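Novice: Residue numbers (the working numbering), protein chains in the order written: chain E, 1 to 481; chain G, 482 to 575; chain P, 576 to 870.
For each residue, glycine too, the CB sits at the ideal point set by N, CA and C.
Fair warning: this is a prediction, and the values are worked out from it, not measured in the lab.
Questions regarding the structure given below will be posed in turn.
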Amino acid sequence: MKVDAAFPDKVVRSLEDAVERIGLGDGMTVSFHHHLREGDRVLLAVLEAVRKKGIRSLTLCASSLMRCHDGLIDFLRDGTVIRVDSSGLRGRLGQFVRQGGMKQPVILRSHGGRARAVADGERAIDIAFIAASASDIYGNANGVQGDNAFGSLGYGIWDSFQAKKTVIVTDHLSQSLLPYISISQSHTDCIAVVDSIGSRELLKAGALAEKSDPLSTVIAKNVATLLLATGIARNGSSIQMGSGGVSLKVIRYLKEAFLERGWRFRHAVGGITGGLLNALEEGWIEALMDVQSFDPAAAVSILRNRNHHEIDVNTYANPDNPSNMVNDLDIAILSALEIDLDWNVNVLTGSDGVLMGAIGGHPDVAEASKLTIVVAPLIRERIPIVVDRVRTVVTPGKDIDIFVCDWGIAVKEEREDIRRSLTEKGIRFHTMKELFEKATRLVGQVNKEETGGRPVAWVQDRRGRVLSEIYESETSGGEHR
Amino acid sequence: MSEVFRSGTEERGDILIQIEPLANQPFAACENQIEVRSRYESLFGEHLRRLVDRLIAESGLKGYRIFASDSGAWDYTIKARFESCLRALNRSNT
Amino acid sequence: MITPYLWRSMLYVPANRPSRLQKCARYGADALILDLEDSVPDSEKAESRLLLKQALKEPIWDSAELYGSNGGSERVDLFVRINAMRTRYWREDLEAVIPEEIFGLKVPKVEEPAKVEELDHAISRIEKASGIEEGRTKLLLSIETAKGLLQLSAICAASARVIGVGFGSEDFMTDTGIDRDNLRYARMQMTLVVKAFGLYAQDSVYPAFSDLEGLKQETEEAKRMGMDGKTAIHPNQIETIHSVFQPSDALLEKAGEICRMAEAENGRVFNYHGEMVDRPIVERYRRLLQRSREN
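Structure below.
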């Protein structure tokens, strides 16, 4: 007699039911992505359900934490969560961690580093809770359909492969197969349907607006001039543009030049902004490799444009994956909170030690790209960006080639090729020391007190070694923010 | 009614400095009352205080209340605003 | 006649804002006008003068020019707009800024040649007292009234320090009642006189700083009328102004060729692709190349 092989019914109607169904227990490791950026409602809602079920001592492996996750403090205080992995710490949560609110140090990783860690056993994920703007009843999910479509599910996809079990959290359940599948039904164990996975306004607000500040324009122009004059940016180059205001403006200048000459970038990698979406439409970038969409318009682009590829974070930057896309980068433009005489870069802490940023893909991109440019103003109001020694090393100096600020360009001594090229074109450049001396002459150097406290966070390099530590501090700092 | 001599603003990059004579105190002729605050207290507070102290010492002011509210002024601005207050004060005294 | 002064843009910067003073040279304007006049209220005149004086001593005036050779860092050209000579501020303005070695002064509301002479002498006194080479401080005069426009020839001739004249649209409209769309005649007349003297002709600011299209149109018009540059009220305007006053690559190539041919022809008139090129024209192209190399 034939036995009915029924397709499992994975759908539950509350997060508490999901927590129960999936078998979440004390001490497990749960993961979340941050594709909804400041509009995310899922992470805290899941923890709320977890707490209601009396489950405790979880390890939270988030791809990153935003300001909207400040509420995590409650769950840390009551022991629901005892360990946190993230790419960044900011706002009240950052302050809480810095002031010693957690017993276990937070582990901060780059996106590529996290991809490695969840796969090589360093951080095995028990349950991945993956917010998806659309799911079908089989468990196929995407981030490009539904009211809260956000674009690429790059971090979520990899977690769905690596986690022991996966819960899709969605507010848009389709009774029929989705036309576009990012996460496969074969990786989905449970589908939790909720009222809303995120706030659409905050999602949109999170989309990076091009800075209107004229200094960014100056720096961007310098970058574009440098790239074009030296021939580093040419027909067929590949590029990663960071998410900062300067990067967005660089796109505008490169566009003019590329369209004029009929050139095209072979692809742009990483965080996809509105400017890059336009570039794809306009044809001067051939393809986008999207691990994270910064503009909800990416959702439509992914659906419609075969050259807009959604890639998972393993394909993006996992150092254990030789086929990762950052390995193919020609040019990278990244930002900095601080850069020092050894070219080390800090994107995590302010000069006063306040946690205010995220590592993101910075060290992954910097190490792998053939050319890495860091952009920042020399001085932000009263604070020098070029310092003697950065407060926190996030990206080691060996991976940085050029620094462009509003007082000029600095080129690493080792890059004889670039220096020669610039000299040939009559473009001026300085040493990092000269820029440091300029900054010091203008605003002095910041008084960095030596903290002797215990480490409250570890910054790992891509391969899992501790690169720097962030120490406990009483000062709340941030008066000027 | 003593006059307050003021220079600068609380806009970013500027410093507001106020100098006024201390009234009706027996030892007013010897002491100054100094209050300094800054947006960048943890980073530059100490430097700012030292600079203000030095400027006061150089000016020879005695028996005044000096108030400074800093919004990230560079040193040349601090010196200029202080000098402006001094000049206004001296002009009023002559 | 080609004026030797090639500033495409000049950015106005209020002298009472330290944050602006510190940043203004970074925006890439060809020159700066540090303003003690209209952007500074009376109550702040004294302290702004002092602030500006201190600021001029700081190493914050490096040119933002990317092209050039390493190790050399020229100062961007600095003008200070002093208060009008009919006010009580201008003398102290001079005392404060002349010793700080600026390129020149922008002089508002110039109407009489005698006033320009008076100013010239006052500057000379201060230059001598400060050990500065006499005549070093130049004058960029602002014509803002009908009377000033009528006297422009005599005004230009009044001092060897005069290197150029700028048109002040806002005040000119107030003085005459002429509206913005009808200033062409006045601006052209100014330009004619200025060019007759071989000086620098500067157009007025375009106040709507977020309207770059309008700025472009007005700047193109200024260029077509023979003006050499335009003042800017906001850093975002600089790029647009430069794009208008910038020779195209094709033109630069042509300039290069013409100069090379002129060398070979040694002063003789020659034929360039059907165009007759004589010495004045060669000079024009030579200046063009120099400007592009400097910029």
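(1) Have a look at Tyr843/P and Glu286/E and give me their C-alpha separation to the nearest angstrom.
(2) So, with DSSP's three-state summary, where would you put Asp746/P?
(3) So for Ala131/E, helix, strand or coil by DSSP?
(4) Could you spell out the range, first to last residue, of the alpha helix (DSSP H) harbouring Ile833/P?
(5) Which residue from Leu503/G, Thr575/G, Arg493/G and Ile498/G puts its Cα closest to that of Leu596/P?
(6) Can you have a look at Asp853/P and say buried or exposed, based on whether 16 or more other CB atoms are within 10 angstroms of its CB?
(7) Quick check on DSSP: helix, strand or coil for Gln499/G?
(8) With 16 other CB atoms within 10 Å as the buried threshold, where does Trp731/P fall?
(9) What number of angstroms, rounded off, separates the C-alpha of Phe845/P from the C-alpha of Glu838/P?
(10) Do you know offhand how far Lys620/P's Cα is from Ser550/G's?
(11) Mark Cys190/E as exposed unless 16 or more other C-beta atoms lie within 10 angstroms of its C-beta, in which case mark it buried.
(12) For chain E, check one thing: does any of its Cβ atoms lie closer than 8 Å to the Cβ of Leu864/P?
(13) So for Ser216/E, helix, strand or coil by DSSP?
(14) Does Trp665/P come out as helix, strand or coil in the three-state DSSP assignment?
(15) Is the Cβ of Glu491/G closer than 8 Å to any Cβ of chain E?
(16) How long is the line joining the alpha carbons of Phe161/E and Thr29/E, rounded to whole angstroms?
(17) Any beta-carbon of chain G closer than 8 Å to the one on Asp352/E?
(18) By the three-class DSSP mapping on this structure, what secondary structure does Asp364/E have?
(19) First and last residue of the beta strand (DSSP E) that includes Ser323/E?
(20) Between Pro683/P, Arg592/P, Ala630/P and Ile738/P, which lies nearest to Asp746/P when the distance is taken from Cα to Cα?
(21) Taking C-beta pairs closer than 7 Å, name the residues in chain G that Leu625/P reaches, listed in chain order.
(22) For the structure I just gave you, are there three or more beta carbon pairs, one from the segment 145 to 165 of chain E and one from the segment 115 to 127 of chain E, closer than 8 Å?
(23) By the three-class DSSP mapping on this structure, what secondary structure does Glu381/E have?
(24) Name the chain E residues whose beta carbon is nearer than 8 Å to that of Asn645/P?
(25) Using a 10 Å radius around the Cβ and a threshold of 16 neighbouring Cβ atoms, would you call Gly743/P buried or exposed?
(26) Using 8 Å as the limit for Cβ to Cβ distance, is Pro214/E near chain P?
(27) Just how far apart, CA to CA, sit Ile707/P and Lys438/E?
(28) With three or more C-beta pairs closer than 8 Å as the rule, is the segment 399 to 416 of chain E touching the segment 430 to 444 of chain E?
(29) In the DSSP output, which residue or residues are listed as bridge partners for Thr273/E?
(30) Quick check: what's the CA-CA separation for Ile82/E versus Val459/E?
(31) What residues in the segment 602 to 630 of chain P have a beta carbon less than 8 Å from any beta carbon of chain G?
(32) Is the Cβ-Cβ distance between Val456/E and Val106/E less than 8 Å?
(33) How about Arg382/E and Gly112/E: are their beta carbons less than 8 Å apart?
(34) Can you tell me which of the three DSSP states Tyr521/G falls into?
(35) Going along the chain, which residues of its own chain have a beta-carbon closer than 8 Å to the beta-carbon of Glu20/E, five neighbours each way excluded?
(36) Based on Cα-Cα distance, which residue from Leu611/P, Leu653/P and Arg711/P lies nearest to Arg663/P?
Specialist: With the given structure in hand:
(1) In the sequence on display, residue 843/P carries Arg and not Tyr. Going by the C-alpha atoms only, they are around 53 Å apart.
(2) helix
(3) strand
(4) Asp824 to Glu840
(5) Arg493/G
(6) exposed
(7) strand
(8) Residue identity check: residue 731/P is Cys in the sequence provided, not Trp. Burial call: buried.
(9) 11 Å
(10) 21 Å
(11) buried
(12) no
(13) helix
(14) helix
(15) no
(16) 15 Å
(17) yes
(18) helix
(19) Where Ser323/E is concerned, there is no enclosing beta strand (DSSP E), given that its DSSP letter is neither H nor E.
(20) Pro683/P
(21) Ala561, Glu564 and Ser565
(22) yes
(23) coil
(24) Thr423, Arg428, Phe429 and His430
(25) buried
(26) yes
(27) 27 Å
(28) yes
(29) BP columns for Thr273/E are empty, so no partner.
(30) 18 Å
(31) Ala621, Glu622, Leu625, Leu626, Lys628, Gln629 and Ala630
(32) yes
(33) no
(34) coil
(35) Lys53
(36) Leu611/P
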